[in-house]
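What follows is a short report on a single structure.
Protein chains in written order, with the working numbering: chain R, 150 to 455; chain S, 150 to 455.
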């Protein structure tokens, strides 16, 4: 009942009002895998160049992430650099060098093929679909996407949406995908495109779940010391998928709890650059934040103390 | 145990992608009073001109709103006009004519002086404070404010904050008042300025409550047919205050429920121009939406059916 994660592994250079880092460990598959690892073993598929530091490999291994699917190819690792605005609500991408990730053709090792939970991190929809052809009868497949693919590979994305169980994307992307300015209508329309569940991320404003059976929404976990928002969305998806894989099912009740676990892992992530804060947390700390969050959002506490 | 509401009464001309209205009933005290009236009798203090249509007076009376404090003065009623963007997230004020509201000196009738719950809708802080001097031992006083007063009457506003129990304002105003870009720090800082509870409205992203004893946040009630957002914030405050006045106390538990009632009244308000949708709703419909909202935000349902 393992969790398969496929996506980018990057060296990020990031500047925020709180400082900067150069060539720090990043990438969607990295954030997602480490986030998920607090809940369930992860099998990673990704590619790096020969320059990928051994310390990063050791970090991933220390989180019990299976690296049988990690390719090391000739060339350099994917690099991204960006700078955040003073209020951290906007970021400019300064440079993108796909390097070895540019020709990434995910190869799912035999030992991963029976993974029951699969997360297809942001990537070309055709590439995401190629993974689906290499896994046997997954129980739950969640895909992420971004504005680039909505713009340039819409037909492929529409095809992908017929073949996955869930889609996770942010509010702007949901509006872009559907042409709807109302988020509720956007979520409902994406459901009609195929997925059985749609999670919409709204950053500091929380997240929204749509399914034909229910709607569910939560605020973000309150954080008063955001250092670097990079990777928060991937940690949300990772925490969510790790929790679901750990439970082995994605009922309504488990989906609600999974959204909260995704939220609390993301709240840890943003309290440091790169993986700095995330790597120092623990399942105990995440469970503590989970309980704090329940109190934070509960309208009618079962004990009516006031 | 009545609820006193003091604020503006206006004739609004509003244009949204769904149509337009001219000289329609509006104003913070009107939206707030009608919203509150579903939960508790309201005593209104406000001013209109001789041109104020009798049908609007009848509408307010039909909601059991006590109009002993309604002044009718020589001149024209306050008029505001505005236009919303295609996605309804931005609005331009096209014109403001304060008219009789420009010299508004609220006079609290003797029959209102023992009101236990008081809502000071958006207005000059000095004017809001003049109301406090006319009421005896209120149990809970909530004030609203706006960017104009933060800019032009900051000292008065700071003084007001020492004398009220609660402040309600939107997220941009909270950041402006404190100079903080992080909403959590902004809320905490406003608490230090005096109020025992701060409610921050985030429009379609929900609302946040800060008190020294707890933090609480909820999303907005999902509405897929927003016609006109005008008055939503006043309805939020009105529903909240009406519910609290009806309960006669503002414990943590009641504050949480009050936030939800404010949210569901606001969700009705935006489904029509002016008071069109709000006047057609009922306590039963609001209770139905309340229960729907509880299901919408509950992480761990007590019955674990899935």
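Ideal Cβ positions, reconstructed from N, Cα and C, are used throughout, including at glycine.
A contact between stretches requires three or more CB pairs, one per stretch, nearer than 8 Å, and the stretch 305 to 324 of chain S meets this requirement with the stretch 339 to 349 of chain S. Here residue 377 of chain R is buried, its C-beta having at least 16 other C-beta atoms within 10 Å.
By the Cβ test, the stretch 382 to 391 of chain R is in contact with the stretch 340 to 359 of chain R, since at least three Cβ pairs between them sit closer than 8 Å.
In the structure shown, residue 295 of chain R falls within a coil segment according to DSSP collapsed to helix, strand and coil. For residue 396 of chain S, same chain residues with a beta-carbon under 6 Å away, outside a window of 5 residues either side, are 403 in chain order. Against chain S, the CB of residue 368 of chain R has a partner CB under 7 Å away; the residue lies at that interface. Here DSSP, grouped into helix, strand and coil, assigns residue 400 of chain S to coil. Sequence-distant Cβ neighbours of residue 421 of chain S in its own chain, meaning closer than 6 Å and more than five residues away, are 376. In the DSSP annotation of this structure, the continuous segment of the alpha helix (DSSP H) that includes residue 281 of chain S starts and ends at 274 to 281.
Counting only residues of its own chain and dropping the five nearest sequence neighbours on each side, residue 393 of chain R has a CB closer than 7 Å to the CB of 266, 289, 399, 403, 407. When the five nearest sequence neighbours on each side are left out, the beta carbons in the same chain lying within less than 6 Å of the beta carbon of residue 187 of chain S are those of 432, 435, in order along the chain. Within the same chain, 294, 295, 296, 299 come within 8 Å of residue 322 of chain S by CB-CB distance, once the 5 residues on both sides are set aside. Contact check for residue 371 of chain R and residue 364 of chain S: beta-carbon distance about 6 Å, within the 8 Å limit, so the pair qualifies.
In the displayed model, residue 268 of chain R falls within a strand according to three-state DSSP.
One thing to note: residue 443 of chain R has its Cβ no nearer than 7 Å to the Cβ of residue 183 of chain S. Inter-segment contact for the stretch 152 to 171 of chain S and the stretch 422 to 431 of chain R is absent: fewer than three beta-carbon pairs are separated by less than 8 Å. Excluding its 5 nearest sequence neighbours in each direction, residue 345 of chain R has C-beta neighbours in its own chain below 8 Å: 314, 315, 360, 361, listed in chain order. The DSSP-derived three-state label of residue 353 of chain S is helix. Taking the C-beta atoms as reference points, residue 225 of chain R is found no nearer than 7 Å to residue 196 of chain R. Within the stretch 393 to 414 of chain S, the residues whose Cβ lies closer than 9 Å to some Cβ of chain R are 398, 400, 401, 402, 403, 404, 405, 406, 408, 409, listed in chain order. A contact is defined here as three or more CB-CB pairs under 8 Å, and the stretch 253 to 267 of chain S fails this definition with respect to the stretch 231 to 241 of chain S. The alpha helix (DSSP H) runs of length 4 or more contained entirely in the stretch 191 to 274 of chain S are, from start to end of the chain, 203 to 211.
In the structure shown, the three-state DSSP call for residue 303 of chain S is helix. For residue 315 of chain S, the enclosing beta strand (DSSP E) covers residues 315 to 319. In this structure, R/228 is the residue among R/228, R/301, R/177 with its C-alpha nearest to the C-alpha of residue 243 of chain R.
At a cut-off of 7 Å, the C-beta of residue 258 of chain R has no neighbouring C-beta in chain S. If you look at residue 336 of chain S, you'll find it in the alpha helix (DSSP H) that goes 332 to 341. With a threshold of 16 other beta carbon atoms within 10 Å, residue 245 of chain R falls short and is exposed. Taking 7 Å as the cut-off, the beta carbon of residue 274 of chain R is found closer than this to the beta carbon of residue 305 of chain R. The beta-carbon separation of residue 439 of chain S and residue 419 of chain S, rounded to 17 Å, does not stay under the 8 Å limit for a contact. Interface annotation, residue 364 of chain R: in contact with chain S, CB-CB separation under 7 Å. Against chain R, the CB of residue 385 of chain S has no partner CB under 7 Å away; the residue lies outside that interface.
Within the DSSP secondary-structure output, residue 440 of chain R pairs in no beta bridge. Contact of residue 236 of chain R with chain S is assigned, a C-beta pair being separated by under 7 Å. Not a single C-beta of chain R is nearer than 7 Å to the C-beta of residue 189 of chain S.
In this structure, residue 174 of chain R and residue 416 of chain R do not form a Cβ contact; the two beta carbons are roughly 19 Å apart against a cut-off of 8 Å.
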